[in-house]
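Residue numbers (our numbering): 1 to 430.
See below:
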């Protein structure tokens, strides 16, 4: 750890160095009062996988992640240029051509996320980072949701920052890509003017304005902007999601075309740059190949795992009929036949979604035994534990009831159960 570079209600961000390769990284530490909530624990692994697989030039990559009773940790690329919020506070509004460059890059990142089933839900200037060359990057998918999990989304409280929240999010409705487009429209207004369109001393007043007030005329704040820009901003921030742009790219294209057409009348100090979205960039937006080749599918890949429905149903049926105690299931097959994939992307997501028992809150841990299986089991247990557990390894080593006692201490209540997935189980004997 080198220094703290940011802080918020959920935790702090530190600049650090990865000694093995001398790489600077940013480590986001989520405070234990949030990281130890049962719902967070159950979803952390899968949602971290979800973010890590979003490999795009303008999405900050997630290098590593883990969780223990002291908090949750996300290791990401470190960018020296600060955030868009920092830039606006220090230097004021951006020139229109620079805003278009930002839109091209961030809309590309958002479109890629949307195509792959992820909505950001907390897009704001704090979550746009800048490098030394002025390129911009989307970060902090901390409350991102998989579009396939609508049952969880509809039960959420309001999540996000009031100044950027779409009306449907304020009403507690399911967020969609159009919710991100709304926030992008608000952020575009802010980048061009240097301030938010809706601001007040109380969040409640801001939320009321988001629900009922149209954006102010931006040319009242920046007179040299073409009046037609209001039409694009109003469409992006329409109170009705169906009236907004279909994609973030469409919004970026409209704004780029308008800026290009009005460039001759712009002040001489305006930087010149290509404000078009290139065909090469558009090629990135194609959905990723869901097939993994020789690599196993993960829990986050469940929506793209096909062809094993009958087998998964048989596994669930078996687990549900052998009784509540001493459930054990061995999946046996030749090497490379897909055993790990059928469990990780097929069986475990079904259990997590309560297909085995709707009354139980399921926790899932994965481990590979290696040469020290009990130490690996200890680490797996700590990854979901809410409290420090000194002596856990000794408890596991004590006798054949040690695991039962450990699980009772780890789980938060009597309504919770633990699934332990041991991959490469043969290592226990070899």
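We treat Cβ as the ideally placed atom computed from N, Cα and C, and that holds for glycine.
It should be emphasised that the depicted structure is a prediction, and the values quoted were computed from it without experimental measurement.
Quick one, which of the options has its alpha-carbon nearest residue i's?
i, options, result
"residue 224", "70, 192, 199, 250", "192"
"residue 99", "412, 84, 351", "84"
"residue 316", "328, 298, 347", "347"
"residue 300", "53, 17, 40", "53"
"residue 106", "36, 411, 184", "184"
"residue 181", "81, 82, 235, 380", "235"
"residue 217", "209, 229, 207", "229"
"residue 173", "241, 24, 219", "241"
"residue 427", "374, 89, 379", "374"
"residue 215", "231, 204, 413, 363", "231"
"residue 391", "406, 413, 359", "406"
"residue 140", "411, 383, 308, 58", "58"
"residue 24", "32, 211, 63, 31", "63"
"residue 211", "199, 239, 87", "239"
"residue 22", "78, 196, 244, 32", "78"
"residue 10", "67, 314, 332, 33", "33"
"residue 190", "349, 95, 131", "95"
"residue 307", "338, 196, 330, 401", "338"
"residue 89", "31, 116, 196", "196"
"residue 376", "199, 425, 202", "425"
"residue 358", "233, 87, 44, 417", "417"
"residue 257", "97, 354, 199", "97"
"residue 412", "404, 393, 389, 385", "385"
"residue 186", "233, 175, 205, 404", "233"
"residue 80", "5, 309, 213", "5"
Buried or exposed for residue i, please, with buried defined as at least 16 other CB atoms from any protein chain shown within 10 angstroms of its CB.
i, result
"residue 7", "exposed"
"residue 51", "buried"
"residue 321", "exposed"
"residue 133", "exposed"
"residue 429", "exposed"
"residue 237", "buried"
"residue 76", "buried"
"residue 91", "exposed"
"residue 437", "Summary: the structure shown does not reach residue 437, with the chain confined to residues 1 through 430, and so no result is reported for it."
"residue 56", "buried"
"residue 146", "Because residue 146 carries a pLDDT of 39, less than 50, the predicted location of this residue cannot be relied on, and the following value inherits that uncertainty. It counts as buried."
"residue 399", "exposed"
"residue 244", "buried"
"residue 188", "buried"
"residue 122", "buried"
"residue 280", "Caution is warranted here: a pLDDT of 41 is assigned to residue 280, below 50, making its placement in the model unreliable, and no coordinate value can be reported."
"residue 136", "buried"
"residue 515", "What the structure shows of the chain is the stretch from 1 to 430, and residue 515 is not part of that stretch, so it cannot be assessed."
"residue 199", "exposed"
Got a sec? Which residues, its chain only, sit under 8 Å from residue i by beta carbon, not counting five neighbours each side?
i, result
"residue 177", "110, 114, 119, 247, 248"
"residue 268", "Low confidence applies here, because residue 268 scores a pLDDT of 38, under 50, leaving its location unreliable; read the following figure in that light. Cβ within range, chain order: n/a, list empty."
"residue 419", "348, 351, 362, 363, 364, 365"
"residue 329", "315, 318, 319"
"residue 203", "162"
Assuming contact is defined by CB atoms lying nearer than 8 Å, are residue i and residue j in contact in what I supplied?
i, j, result
"residue 387", "residue 69", "yes"
"residue 344", "residue 298", "yes"
"residue 93", "residue 35", "no"
"residue 74", "residue 28", "yes"
"residue 166", "residue 179", "yes"
"residue 60", "residue 129", "yes"
"residue 2", "residue 16", "yes"
"residue 104", "residue 252", "yes"
"residue 250", "residue 42", "no"
"residue 410", "residue 381", "yes"
"residue 305", "residue 366", "no"
"residue 302", "residue 66", "no"
"residue 340", "residue 423", "yes"
I'd like the list of long-range same chain contacts for residue i, defined as Cβ closer than 6 Å, with 5 residues on each side in sequence excluded.
i, result
"residue 437", "Absent from the model: residue 437. The displayed extent of the chain is 1 to 430, so no value can be given."
"residue 207", "162, 170"
"residue 126", "83, 85"
"residue 227", "219"
"residue 272", "Model confidence at residue 272 stands at a pLDDT of 39, short of 50, so the residue's coordinates are unreliable; what they give is reported in the following sentence. Hits under 6 Å: none found."
Using a Cβ-Cβ cut-off of 7 Å (strictly less than) and excluding sequence neighbours within five positions of residue i, which residues of its own chain qualify?
i, result
"residue 311", "342"
"residue 49", "298, 299, 300"
"residue 402", "395, 396"
Is residue i close to chain B, meaning its C-beta is less than 8 Å from at least one C-beta of that chain?
i, result
"residue 165", "The chain labelled as chain B is not found in the depicted structure, where only one protein chain is given."
Return the chain-ordered ranges of every alpha helix (DSSP H) run that is complete within the region 168-254 and spans a minimum of 4 residues.
177-193, 203-212, 229-236
Identify every run of the alpha helix (DSSP H) within the region 93-137, keeping only runs that are complete inside it and at least 4 residues long; order them along the chain.
96-115
Enumerated in chain order, which unbroken segments of the beta strand (DSSP E) with a length of 3 residues or greater are wholly contained in the region 371-429?
416-422
Please go through the region 33-94 and give each complete alpha helix (DSSP H) segment of 4 or more residues, from N-terminal end onward.
38-52, 84-91
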